[in-house]
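**Student:** Numbering (full-length UniProt numbering), first residue to last: 1 to 300.
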Amino acid sequence: MYQPGLNDFDAVLAVARRSSFRAAALDLGMSTTAMSSAIAKLEAHLGVRLFNRTTRSVSLTDAGRAFVEQVAPGLADIRGAMDAARAQQAKPSGMLRINTFATAAREILAPLVLEYLRRHPDVHVDVVTEGRLVDVVAEGFDFGVRMANLVPTDMIAIPLGAPQRHAIVASPAYLKKHGRPRVPSDLFRHRCLRVRLPNGSLFRWELRKRGQTALIDVTGPITLDEASLSRLAVLEGIGLGFFMEPDVRGDIEAGRLVRVLEDWTPELAPLCLYYPGRRNASAAHTAFVALAREVAAARK
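1) Taking the DSSP output, what are the residues bridged to Ala170?
2) Taking 7 Å as the threshold (C-beta atoms), are Asn149 and Val128 in contact?
3) Do you know whose CA, among Val123, Glu107, Leu117 and Ile238, lies nearest Gly250's CA?
4) Pull up the CB-CB distance for Cys272 and Ala157, whole angstroms please, since I reckon it's below 8 Å.
5) With burial defined as no fewer than 16 other Cβ atoms inside 10 Å of the residue's Cβ, what is the status of Asp10: buried or exposed?
6) Identify whether Val71 lies in helix, strand or coil by the three-state DSSP scheme.
7) Quick check: Ala173 and Gly237, are their CB atoms within less than 7 Å of each other?
8) Note down the Cα distance separating Thr153 from Thr286, rounded to an integer number of angstroms.
9) Where does Ser265 land, buried or exposed, given buried means 16+ other C-beta within 10 angstroms?
10) Taking only the alpha-carbon atoms, compute the straight-line gap between Arg196 and Gly131 and give it to the nearest angstrom.
11) Is the beta carbon of Phe288 sitting closer than 7 Å to the one on Leu96?
12) Mark Leu229 as exposed unless 16 or more other C-beta atoms lie within 10 angstroms of its C-beta, in which case mark it buried.
13) Among Ala297, Arg79 and Ser185, which residue has its Cα nearest to the Cα of Asn280?
14) Distance check for Thr54 and Leu160, CA to CA, integer angstroms please.
15) Arg191: which of Thr213, Phe141 and Leu240 sits nearest, CA to CA?
16) Across which residues does DSSP place Ile158 in a beta bridge pair?
17) Please return the same chain residues whose Cβ sits closer than 8 Å to the Cβ of Arg209, not counting the five positions on each side in sequence.
18) Could you tell me which of Ser31, Arg17, Arg22 and Ala38 sits nearest to Asn7, measuring between CA atoms?
19) Within 10 angstroms of the Cβ of Ala284, are there 16 or more other Cβ atoms? Answer buried if so, exposed if not.
Structure follows, in structure tokens:
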């Protein structure tokens, strides 16, 4: 006889949180089919529909909303009890979930995440990259990684390295053909890659120098929403691109891309690993924090 378990409740909360079976399935490392099946079995067991489903949206029913409101605190208590038990472990194990954005993930992957896995092979680390800023507690993450100025004030934060910078770059061939911009207003006569943000709006290039700020609504032949795609287009000479410096540092050093308007891209806040204070952190969590502090100290 079917009896719902913690994974089924996790599935309900994930779909409620994301309003999408596909996104919820990705968060929990499940297939969309498995996620739909888990929800359907639970609904059949309860005898009510928890979600309204259309081809375009997923939303909670009144019964579903009441169910989530009652289940979520209890599930949090159970997770807390499990964390308290794991805190007694001498050896880290289990899973850690980290929410960050793609550039930061590339920065921390080798020195922090992969080194952690080498030291603690019994732990599984789930890294989720997305452009939107999320509530790591509400969405079930152990850690977040963002710029220091975006870290919520009630979180414990560990700076992970030097301040970040943006970089405006183009291929040598593009600059040979179109010339080099010298001031921000020159960008209006250049072909620039447009960037679509997670909320659907177009990103305006923000340049700053000695108290002056220029917000440039660039124009160009293509709009992209992923840094690696933008990099490929710029390498092919399509136009100028605006990146986080780590995404193109190797290309600049190798001469594949040339940096322009460098004096208009000052330092930004450094990356921080952040997390809520916990009374009973698991051994895996404690070991990850210890390594993050080790990495931070080495980068000073």
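Beta carbons: idealized from backbone N, C-alpha and C, even for Gly. Given the structure is predicted, the values throughout are model-derived calculations rather than measurements.
**Tutor:** Put simply:
1) The count along the sequence shown starts at 1 and reaches residue 170 at position 170. In the DSSP output, where bridge partners are listed per residue, Ala170 has Val258.
2) Here residue 128 refers to the residue found at position 128 of the sequence shown. Here residue 149 refers to the residue found at position 149 of the sequence shown. In this structure, Asn149 does not lie closer than 7 Å to Val128 by Cβ.
3) As a first step, residue 250 must be located in the sequence shown, where it is residue number 250. When only C-alpha atoms are compared, the closest one is Glu107.
4) Along the sequence shown, read from residue 1 onward, the residue named residue 272 stands at position 272. Along the sequence shown, read from residue 1 onward, the residue named residue 157 stands at position 157. Right, their Cβ atoms sit about 4 Å apart.
5) As a first step, residue 10 must be located in the sequence shown, where it is residue number 10. Answer is buried; the Cβ neighbour count reaches 16.
6) Walking along the sequence shown from the start, residue 71 turns up at place 71. Secondary structure at Val71: helix, using DSSP grouped into helix, strand and coil.
7) Here residue 173 refers to the residue found at position 173 of the sequence shown. Here residue 237 refers to the residue found at position 237 of the sequence shown. In contact: Ala173 and Gly237 (Cβ atoms closer than 7 Å).
8) Locating residue 153 in the sequence shown gives position 153, counting from the first residue. Locating residue 286 in the sequence shown gives position 286, counting from the first residue. Cα-Cα distance, rounded: 21 Å.
9) Residue 265 sits at position 265 when you count from the first residue of the sequence shown. One detail in the question is off: residue 265 reads as Thr in this sequence, not Ser. With 16 or more other Cβ atoms within 10 Å, it is buried.
10) The count along the sequence shown starts at 1 and reaches residue 196 at position 196. The count along the sequence shown starts at 1 and reaches residue 131 at position 131. Each residue's alpha carbon lies about 10 Å from the other.
11) Taking the sequence shown and counting its residues from 1, one reaches residue 288 at position 288. Taking the sequence shown and counting its residues from 1, one reaches residue 96 at position 96. Taking 7 Å as the Cβ cut-off, Phe288 and Leu96 qualify as a contacting pair.
12) For the purposes of this step, residue 229 is identified with residue 229 of the sequence shown, where counting begins at 1. Leu229 should be labelled exposed.
13) Mapped onto the sequence shown, residue 280 falls at position 280. Of the listed residues, the one whose Cα sits closest to Asn280 is Arg79.
14) Position 160 of the sequence shown, counted from the start, is the residue given in the question as residue 160. Position 54 of the sequence shown, counted from the start, is the residue given in the question as residue 54. When rounded, the distance between both Cα atoms is 43 Å.
15) Counting from 1 along the sequence shown, the entry for residue 191 is found at position 191. Nearest C-alpha to Arg191: Leu240.
16) Along the sequence shown, one-based indexing puts residue 158 at 158. The partner list for Ile158 (beta bridge, DSSP) reads Leu273.
17) Translated into the one-based positions of the sequence shown, residue 209 becomes position 209. Residue identity check: residue 209 is Lys in the sequence provided, not Arg. Hits under 8 Å: Asp263, Trp264 and Pro266.
18) Position 7 of the sequence shown, counting from 1, holds the residue named residue 7. Closest by C-alpha distance to Asn7, out of Ser31, Arg17, Arg22 and Ala38, is Ala38.
19) What you label residue 284 is simply residue 284 of the sequence shown in a count that begins at 1. Per the 10 Å Cβ criterion, buried.
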